[in-house]
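Keeping their order, the protein sequence lines are chains A and B. Quick note on this note's numbering: the first sequence kicks off at 60 and runs consecutively. Quick note on this note's numbering: the second sequence kicks off at 36 and runs consecutively. This report concerns only the one structure given below.
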Amino acid sequence: MENLDVILKKHPFFHGMTEEHLRFIAGCAANEVYKSGEYLFREGESANKFYFIRQGHVSLELHAPERGVLTIQTLGEGDVLGWSWLIPPYKWHFDARATTLTRVLALDGKCLRKKCEEDYQLGYELMKRIAHIMEERLHATRLQLLDMYGVHA
Amino acid sequence: MEAWAAEKEQDLKTGNAVSVLQDPMVPEQFRVVRRKSETADTFTLILERAQRDRAFEFQPGQFNMLYVFGVGEVPISISGDPAQHDRLVHTIRAVGTVTRALDKLRKEAVVGVRGPFGRGWPLEKARQHDVVIVAGGIGLAPLRPAIYHLLRHRDAYGRVALLYGARTPDDILYLKELEKWRGRFDMDVQVTVDRAMGDWFGNVGVVTQLVRKAEFNPDQAIAMVCGPEIMMRFTIYELQRRGMQNDRIYVSMERNMKCAIGFCGHCQYGPKFICKDGPVFPYTEIENLFGIREI
Ligand SMILES: Cc1cc2nc3c(=O)[nH]c(=O)nc-3n(C[C@H](O)[C@H](O)[C@H](O)COP(=O)(O)OP(=O)(O)OC[C@H]3O[C@@H](n4cnc5c(N)ncnc54)[C@H](O)[C@@H]3O)c2cc1C
Ligand code: FES
Numbered sequence: 060m061e062n063l064d065v066i067l068k069k070h071p072f073f074h075g076m077t078e079e080h081l082r083f084i085a086g087c088a089a090n091e092v093y094k095s096g097e098y099l100f101r102e103g104e105s106a107n108k109f110y111f112i113r114q115g116h117v118s119l120e121l122h123a124p125e126r127g128v129l130t131i132q133t134l135g136e137g138d139v140l141g142w143s144w145l146i147p148p149y150k151w152h153f154d155a156r157a158t159t160l161t162r163v164l165a166l167d168g169k170c171l172r173k174k175c176e177e178d179y180q181l182g183y184e185l186m187k188r189i190a191h192i193m194e195e196r197l198h199a200t201r202l203q204l205l206d207m208y209g210v211h212a
Numbered sequence: 036m037e038a039w040a041a042e043k044e045q046d047l048k049t050g051n052a053v054s055v056l057q058d059p060m061v062p063e064q065f066r067v068v069r070r071k072s073e074t075a076d077t078f079t080l081i082l083e084r085a086q087r088d089r090a091f092e093f094q095p096g097q098f099n100m101l102y103v104f105g106v107g108e109v110p111i112s113i114s115g116d117p118a119q120h121d122r123l124v125h126t127i128r129a130v131g132t133v134t135r136a137l138d139k140l141r142k143e144a145v146v147g148v149r150g151p152f153g154r155g156w157p158l159e160k161a162r163q164h165d166v167v168i169v170a171g172g173i174g175l176a177p178l179r180p181a182i183y184h185l186l187r188h189r190d191a192y193g194r195v196a197l198l199y200g201a202r203t204p205d206d207i208l209y210l211k212e213l214e215k216w217r218g219r220f221d222m223d224v225q226v227t228v229d230r231a232m233g234d235w236f237g238n239v240g241v242v243t244q245l246v247r248k249a250e251f252n253p254d255q256a257i258a259m260v261c262g263p264e265i266m267m268r269f270t271i272y273e274l275q276r277r278g279m280q281n282d283r284i285y286v287s288m289e290r291n292m293k294c295a296i297g298f299c300g301h302c303q304y305g306p307k308f309i310c311k312d313g314p315v316f317p318y319t320e321i322e323n324l325f326g327i328r329e330i
């Protein structure tokens, strides 16, 4: 089985990080498996982890009264899930449900938060990468909001 | 009604077949042999020449002008199989006067057809290369003939990826065909919708996000993109981010049309006429115009 630091190193998210930081991050990581239908987390729960999807699919969902479950986005292999572990009050704002058998690498957000406070270089490197993902998601959300395929009379 | 339209209508009523054959401004009569609902606002018409005397040949990406008597004429891409010459297939979204009139046509109704017009997809140039097709909404219709061609000549091409985005699961075009294509081992088909309820098990997210993960070699692949302009703009950014050069990216443009043969200037797009220089353009030819608010 591959070491966690080797798995991390291969992921584009970590490209350019120092060996030392990677080793530290690997120390905060664990493999987790979710069966189809199982929740990685639910809205309102404490956000203490972030995830790298190694295999499978995860659906990000909101429950809207009278409308039922709305899928906001789906993520798959190679995607990164969650940044609420980095931003107070560290709560999830939506549900994340595995829609197929899903294997993830889960990073302990609490452990990383603490380390980031002590090592600003690591904090900056992580922030830079998370900001990039946030920008991508924000951008995708804007396109969704534009309703590109509607008839614009 | 304008003089040329009145003349055209007269020609059609009298079945003036000789001028029909020779004059690109005069529509020829076709009969609706089948109508199929695709989604709530989109339907497919299958047409046959009223006088079944000749084959109808076209290049994937070309369009016809469809004329509804007494209502008007609109450009509509050909969405059928280019190897099938005895019928014409058009998938149409009912958005306004003419397309709604087309929506009302049923079996045996007569439609005027002029075409085929324009420059199609670069299927020759794409030979031996990977092909990445990115379609949004009704934009899958002009690309379907290219897909039929690629699959018929599958060995002549490298990897083929089809990335398709629709508004909701109910707006997905050609669902059965997409499922069939997805079942093939020689084509990567990814479908996503902008919004869905919990009963949809596919991808949710914008189509541009599919570009990031699609398997193709950006150094040699050819991209064919069709959809709303904003979707094409952001798809181009993603393709460029993957390292694709602009001369390998092709887009299909839409503008209002009248003559469809480069005379009237209605479809002018900077120095280009969409009807005869396009509708398919290599991005290099139009990059300076693309996304400009008013041209
Ligand atoms: C080369 C080319 C190929 C085309 N291929 C197809 C095709 O395969 N299938 C197809 O359905 N359409 C296609 N179109 C678009 C089609 O020509 C227009 O939808 C049509 O001309 C609208 O005419 P109308 O009389 O129905 O609407 P109009 O009465 O002229 O317009 C009514 C309203 O609809 C809106 N509208 C007009 N066009 C569009 C549009 N394309 N999308 C969204 N809203 C619109 C306008 O804002 C307007 O307010 C193509 C256009 C071009 C230039
Ligand atoms: S429609 Fe007349 S020039 Fe293009």
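Ideal placement from N, C-alpha and C gives every residue a C-beta, glycine not left out.
Check, Outcome
"Report yes if the CB atom of A:A157 is closer than 8 Å to the CB atom of A:G115, and no otherwise.", "yes"
"Please classify B:L56 as buried or exposed, where buried requires at least 16 neighbouring CB atoms within 10 angstroms.", "Its pLDDT being 49, under 50, B:L56 is placed unreliably by the model, and the measurement read from it follows with that caveat. It counts as exposed."
"Contact criterion: CB-CB distance below 8 Å. Does A:Y93 meet it with respect to chain B?", "no"
"Does any C-beta atom of chain A lie closer than 8 Å to the C-beta of B:T74?", "no"
"Determine whether the Cβ of A:A190 lies closer than 8 Å to any Cβ atom of chain B.", "no"
"Identify every residue that forms a DSSP beta bridge with A:I236.", "With chain A covering 60 to 212 only, the question about residue 236 of chain A has no answer from this structure."
"Is B:M100 near ligand 1, in the sense that its beta carbon is under 7 Å from a heavy atom of that ligand?", "no"
"Suppose the cutoff is 7 Å on Cβ atoms and the five residues either side in sequence are ignored; what does the same chain contact list for A:A123 look like?", "L129"
"I'd like to know whether the C-beta of B:R230 is nearer than 8 Å to at least one C-beta of chain A.", "yes"
"Does any heavy atom of ligand 1 sit closer than 7 Å to the C-beta of B:V61?", "no"
"Ligand 2 heavy atoms versus the CB of B:F65: any closer than 7 Å?", "no"
"Beta-carbon of A:Q180 versus every beta-carbon of chain B: anything under 8 Å?", "no"
"With hydrogens ignored, establish whether the beta-carbon of B:V146 is closer than 7 Å to any heavy atom of ligand 1.", "no"
"Nearest to B:G171 by alpha carbon, out of B:R202, B:D165, B:L185, B:V146?", "B:R202"
"Tell me which residue opens and which closes the beta strand (DSSP E) that A:F109 is part of.", "108 to 114"
"Any beta carbon from chain A within less than 8 Å of B:R268's own beta carbon?", "no"
"Are the CB atoms of B:V146 and B:L197 nearer to each other than 8 Å?", "no"
"So, are the CB atoms of B:L208 and B:I173 less than 8 Å apart?", "yes"
"Ligand 2 and A:K68: does the residue's C-beta get closer than 7 Å to at least one heavy atom of that ligand?", "no"
"From which residue to which residue does the beta strand (DSSP E) around B:K293 run?", "Looking at the DSSP string, B:K293 is not in any beta strand (DSSP E), and its letter there is neither H nor E."
"Can you find a heavy atom of ligand 2 that lies under 7 Å from the Cβ of B:G300?", "yes"
"Determine the direct distance from the alpha carbon of B:I113 to that of B:N51, and round the result to whole angstroms.", "Below a pLDDT of 50, predicted positions are generally treated as unreliable, and B:N51, at 43, falls in that range; the measurement from the model is reported next regardless. So the alpha carbons of these two residues sit roughly 25 Å apart."
"Could you pull the DSSP bridge partners for A:L166 from this structure?", "A:A88, A:F109"
"A:K187 to A:V117, Cα distance in whole Å?", "24 Å"
"Jot down the residue ranges of each uninterrupted alpha helix (DSSP H) in the region 150 to 217 of chain B, minimum 4 residues, whole runs only, in chain order.", "175 to 187, 210 to 217"
"Would you say the beta carbon of B:I309 comes nearer than 7 Å to a heavy atom of ligand 2?", "yes"
"Assign B:T77 to one of two classes, buried (16 or more other C-beta atoms within 10 Å of its C-beta) or exposed (fewer than that).", "buried"
"Does DSSP put B:K43 in a helix, in a strand, or in coil?", "With a pLDDT of 49 at B:K43, under the threshold of 50, the predicted position of this residue should be treated as unreliable, though the coordinate-derived value follows. Three-state DSSP puts B:K43 in a helix."
"Indicate the three-state DSSP secondary structure (helix, strand or coil) for A:D206 in the structure shown.", "coil"
"Let me know if A:V229 comes out buried or exposed under the rule of 16 or more other beta-carbons within 10 Å of its beta-carbon.", "Residue 229 of chain A is absent from the structure shown; chain A starts at 60 and stops at 212."
"Given that B:G171 touches chain A, what residues does it touch there, using C-beta distances under 8 Å?", "M207, Y208"
"How would you write the range of the beta strand (DSSP E) that B:V228 sits in, first residue to last?", "223 to 228"
"With DSSP collapsed to three states, give me the class of B:R69.", "strand"
"Cβ of B:G193 within 8 Å of Cβ of B:D165?", "yes"
"Give me the residue from B:D223, B:L210, B:E264, B:Q303 with the minimum Cα distance to B:T74.", "B:L210"
"Can you tell me which of the three DSSP states A:F255 falls into?", "Nothing can be reported for residue 255 of chain A, as the shown portion of chain A is limited to 60 through 212."
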